[in-house]
Amino acid sequence: MRKKHWYWSFFAANSVAGAASPLLPLYVYFLGGGPREVGQLVAVASAVGVLASLLWGRLSDRTQRRRPMILVSFGGLALAYAAFPFLNQVSHLLYLNAFVSLVWMASVTVAVLLIMESNTKADWEQQIGRFNVFSGLGWTGGLALGVAWTSVLLPVVGEGWGLRSLGAGISALAVCATVLATLWVREPPLHISARAFRGMAVTAGALLYERFRYAPAHLYHVFSPMQLVRFLQGRSALGPDLALWYYGALLAFTGFAMVFVLLPIFLRSVLEWPS
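Residue numbering for the sequence shown follows this note's numbering, beginning at 447 and increasing consecutively.
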């Protein structure tokens, strides 16, 4: 893999996400929707994203493959936004955004793993920071693209076709991200000795046997509500500090969602700002 070159594919993909973040609420408003519909759009996508992160994470662990998930993610974005100009109902946008959340999480789940597996431990912090810079600049570039696109085209073709054409434009950008990922993302080499392989095989065999023996009790503890209660109280193996950090993240994301959902509709309908 050409080191660091593949960051540009995530730059392009985050540009897609940045341009799409105000596009969907504005298009909901154009179709006659309001804050409730935008809230439903975000809530469904968030729920799908949570489940998708678990799905892609488990699949990545089982297959030990990162590249296919990135290609599926970026290709899925291109496919979804290629259909955007043909949607004319808010319910259609809900399904599209749920699909976008599903495929987007495939790349989000494995990106940091790919960095860690492609670099020495001493370089992890530096390379994760560098990757975040590319991703953040891509998101900001996508927002700038949306501003320029709508400023130029909306007065000419009208709000509806101006927003639809932006969807087609970011679909093309997602195609570019897919091409860059195809060229530059490579699977990191896995070095497993014969002795380590024997150890893993014995461990896996013992695990399967013990899981079969104690399956009912194992399932009881997995689904026990007390597991969640103990975690929320900080009385789990993760410790109280990490539980407190999760509480902080929960409050931060909740506050962000409360503003993000309503802000585009407020600016458009109450202050009468143009898209």
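In this text, a Cβ means the ideal position worked out from N, Cα and C, and glycines have one as well.
So residue i packs on residue j, CB below 8 Å; how close in whole Å?
{"i": "Phe712", "j": "Gly613", "result": "Not quite, the Cβ-Cβ distance comes to about 23 Å (not below 8 Å), so this is no contact."}
{"i": "Arg610", "j": "Val556", "result": "Wrong, their Cβ atoms sit about 32 Å apart, outside the cutoff."}
{"i": "Ser455", "j": "Trp630", "result": "6 Å"}
{"i": "Ser553", "j": "Phe520", "result": "7 Å"}
{"i": "Gln486", "j": "Leu540", "result": "6 Å"}
{"i": "Val484", "j": "Val707", "result": "5 Å"}
{"i": "Ala491", "j": "Ala544", "result": "6 Å"}
{"i": "Leu525", "j": "Thr628", "result": "Not confirmed; about 15 Å, so no contact."}
{"i": "Gly592", "j": "Leu469", "result": "6 Å"}
{"i": "Gly588", "j": "Val462", "result": "6 Å"}
Assign residue i to one of two classes, buried (16 or more other C-beta atoms within 10 Å of its C-beta) or exposed (fewer than that).
{"i": "Met704", "result": "exposed"}
{"i": "Phe577", "result": "buried"}
{"i": "Tyr527", "result": "buried"}
{"i": "Arg504", "result": "exposed"}
{"i": "Thr566", "result": "exposed"}
{"i": "Leu548", "result": "buried"}
{"i": "Asn460", "result": "buried"}
{"i": "Ser597", "result": "exposed"}
{"i": "Ile715", "result": "Reading the sequence as shown, one finds Ser at residue 715 and not Ile. Exposed, since its Cβ has fewer than 16 Cβ neighbours within 10 Å."}
{"i": "Leu697", "result": "exposed"}
{"i": "Trp452", "result": "buried"}
{"i": "Phe643", "result": "Because Phe643 carries a pLDDT of 45, less than 50, the predicted location of this residue cannot be relied on, and no value is offered for it."}
{"i": "Pro635", "result": "exposed"}
{"i": "Leu623", "result": "With the sequence shown as reference, residue 623 is identified as Ala, and Leu is not the correct amino acid for it. Buried: at least 16 other Cβ atoms inside 10 Å."}
{"i": "Ala489", "result": "exposed"}
{"i": "Leu497", "result": "exposed"}
{"i": "Trp502", "result": "buried"}
{"i": "Leu626", "result": "buried"}
{"i": "Gly726", "result": "Nothing about residue 726 can be reported from this structure: the residues present for the chain run from 447 to 721 only."}
{"i": "Tyr546", "result": "The question names Tyr, but residue 546 is Val in the sequence shown. Result: buried."}
In angstroms with no decimal places, state the Cα-to-Cα distance between residue i and residue j.
{"i": "Ile561", "j": "Met515", "result": "14 Å"}
{"i": "Arg482", "j": "Leu472", "result": "13 Å"}
{"i": "Pro710", "j": "Val558", "result": "31 Å"}
{"i": "Phe457", "j": "Thr586", "result": "10 Å"}
{"i": "Leu542", "j": "Val494", "result": "12 Å"}
{"i": "Met551", "j": "Gly464", "result": "15 Å"}
{"i": "Val402", "j": "Leu477", "result": "Since the first residue of the chain shown is 447 and the last is 721, residue 402 is not available in this structure."}
{"i": "Ala689", "j": "Gln573", "result": "27 Å"}
{"i": "Leu620", "j": "Leu500", "result": "As written in the sequence, residue 620 is Ala, which differs from the Leu given in the question. Rounded to whole angstroms, Ala620 to Leu500 spans 24 Å at the Cα level."}
{"i": "Trp595", "j": "Asp687", "result": "45 Å"}
{"i": "Ser721", "j": "Trp691", "result": "37 Å"}
{"i": "Met534", "j": "Glu605", "result": "It should be noted that the sequence gives Asn, not Met, for residue 534. If you take the alpha carbons of Asn534 and Glu605, they lie about 13 Å apart."}
{"i": "Arg632", "j": "Ala618", "result": "23 Å"}
{"i": "Trp719", "j": "Thr700", "result": "26 Å"}
{"i": "Val603", "j": "Lys450", "result": "40 Å"}
{"i": "Ala590", "j": "Gly584", "result": "10 Å"}
{"i": "Gln738", "j": "Gly480", "result": "No answer is possible for residue 738: it lies beyond the span of the chain, which begins at 447 and ends at 721."}
{"i": "Trp570", "j": "Ile616", "result": "31 Å"}
{"i": "Arg508", "j": "Pro601", "result": "51 Å"}
Please determine whether the Cβ atom of residue i lies at a distance below 7 Å from any heavy atom of the ligand ZN.
{"i": "Leu709", "result": "Looking for the ligand ZN in the displayed structure turns up nothing, as the structure carries no ligands at all."}
Any beta-carbon of chain C closer than 8 Å to the one on residue i?
{"i": "Leu540", "result": "Looking at the structure shown, chain C is missing, and only one protein chain is on hand."}
Whole runs of the alpha helix (DSSP H) within the region 556-631, excluding any shorter than 4 residues: The qualifying runs are 570-603, 605-630.
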